[in-house]
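These notes are about the structure you will find just below.
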Amino acid sequence: MDEVLLRQALEFGKPYTGKGEVASYIPELSKADGRELGICVKTIDGEELHCGYWQRRFTIQSISKAINLAMALEHHGFDAVFLKTNMEPSGASFNAMSRISDSEDIPFNPLVNSGAIAIVELLVPLGLEYMLSAVRGLCGDKYITVDEDVFHSEWSHSARNRSLAYLLQSKGLINGDVDETLRLYTQLCSLSVTAESLANLGQLLANGGVQPETGRRLLKEEVVRTTLTMMLTCGMYDGSGEFAVRVGLPSKSGVGGGILSVVPGEMGIGVYGPSLDRKGNSVAGQKVLEYISRREKLHILDRYAQRTVPTEQN
Ligand code: GLN
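Structure (structure tokens):
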């Protein structure tokens, strides 16, 4: 892969920015410029490529759910985490009330709002400062902070997430203070990152949780495996199936316009494009990733196919 390819991918993606809308249900997010598009790639060998608005700061939004899942797995283990949610794609919108409202008393997965809010309760004892410094470390970006404007904007328009949180409490999936959990969830959605921070995080996940430059292990191998599996099956909400066919990489989107993608064993990719489709995924960002995945044969199943050598007939 080289910068020429990234530029071509961005050119391919650009017309699609006009086919979506920036998020407006969090009013502060509607200030983003939907025409912007940027990408950053970090290989595990330390090569970096970037193009477009790769340095633009935007809020991480739902990409934090992947980090929260990894942190909860690190600190509480698999069984405690999956008492709070199942591991199934929901086929429903990110803020759906289904599954926890009727007979099934548990959210579909940790990457939809209901499951993510349930899991953030496990992180409340760690606190915001600890989480902030952990996220800075995982993303190799010491400038990450809570974007207070976005936080307050979402906090004062959080009726839906608040309903979900109280529903979770009624089902025994939040046992402590609802407000405290919801506040931390919303603060973690409001962390300001760049495509580069996401590429760094992707690089770490691509390398099984070990920082390539320092050799330091930041996440356990099985934590990375579980997190990437959830990203592959559920990371793009009700667009996860089609995205898996078209791109075939564990990925996580956010309504701030970011997408984190991981090419296991090879590289992390961060994309920024705040114009979203109806499912809340960056419309041009998905196209950029599809272009790159096809051109470089990065789809995880393509790579498997390349390894199978035709057998000789006799
Ligand atoms: N903070 C947003 C919310 O909870 C995150 C949603 C998203 O990025 N899809 O609604």
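For any residue, its number in my numbering is found by taking its place in the sequence shown, counting from 1, and adding 1155.
The beta carbon of each residue, even a glycine, is placed where N, CA and C say it ideally should be.
Near ligand 1: residue i beta-carbon under 7 Å from a heavy atom
i, result
"E1183", "no"
"S1217", "yes"
"F1249", "yes"
"V1301", "no"
"E1309", "yes"
"V1236", "no"
"V1410", "yes"
"N1316", "yes"
"G1363", "no"
"C1344", "yes"
"N1241", "no"
"G1435", "yes"
"N1330", "no"
"N1268", "yes"
Per-residue burial, residue i [other beta carbons within 10 Å of its own, 16 or more giving buried]
i, result
"P1419", "buried"
"A1460", "exposed"
"Q1216", "buried"
"Y1392", "buried"
"R1450", "exposed"
"Y1298", "exposed"
"P1170", "exposed"
"R1254", "buried"
"T1384", "exposed"
"P1429", "buried"
"N1330", "exposed"
"S1300", "The identity of residue 1300 in the sequence shown is Thr, whereas the question assumes Ser. T1300 is exposed by the Cβ-count criterion."
"T1381", "buried"
"F1233", "exposed"
"C1389", "buried"
"E1202", "exposed"
"L1456", "exposed"
Start and end residues, alpha helix (DSSP H) containing residue i
i, result
"K1220", "I1218 to V1236"
"E1166", "E1158 to G1168"
"H1307", "E1303 to W1310"
"R1317", "A1314 to S1325"
"E1397", "S1395 to R1401"
"M1286", "G1282 to C1294"
"E1243", "E1243 -> no alpha helix (DSSP H), and no H or E assigned at all."
"M1391", "Taken as a continuous stretch (DSSP letters only), M1391 belongs to no alpha helix (DSSP H), as it is neither H nor E."
"I1272", "N1268 to L1278"
According to DSSP, residues forming a beta bridge with residue i
i, result
"M1422", "T1198 and V1418"
"S1345", "Beta-bridge pairing links S1345 to no other residue."
"E1176", "L1431"
"G1413", "Y1427"
"T1214", "S1347"
"S1437", "L1431"
"V1365", "R1372"
Limits of the beta strand (DSSP E) - the one that residue i falls within
i, result
"K1407", "S1406 to S1408"
"L1204", "E1203 to G1207"
CA-to-CA distance, residue j to residue i, given in whole angstroms
i, j, result
"G1364", "V1379", "6 Å"
"G1160", "I1424", "In the sequence as presented, Gly is not what sits at residue 1160; that position holds Leu. Their backbone Cα atoms lie some 14 Å apart in a straight line."
"T1172", "K1239", "36 Å"
"E1376", "M1386", "15 Å"
"K1407", "L1165", "19 Å"
"Y1208", "G1409", "17 Å"
"E1229", "L1328", "19 Å"
"W1310", "L1339", "11 Å"
"C1344", "R1458", "33 Å"
"R1317", "G1440", "29 Å"
"I1222", "T1349", "15 Å"
"R1211", "G1292", "19 Å"
"R1372", "Q1366", "6 Å"
"I1274", "V1402", "28 Å"
"G1270", "Y1321", "13 Å"
"S1313", "L1323", "15 Å"
"N1241", "N1264", "5 Å"
"G1175", "K1434", "10 Å"
"E1368", "P1280", "31 Å"
"G1411", "A1178", "7 Å"
"H1205", "T1198", "12 Å"
"L1444", "L1319", "32 Å"
"L1224", "A1235", "11 Å"
Residue i: CB within 7 Å of a non-hydrogen atom of ligand 3
i, result
"A1247", "Judged by which ligands are present, ligand 3 is missing from the structure shown, whose ligands are ligand 1."
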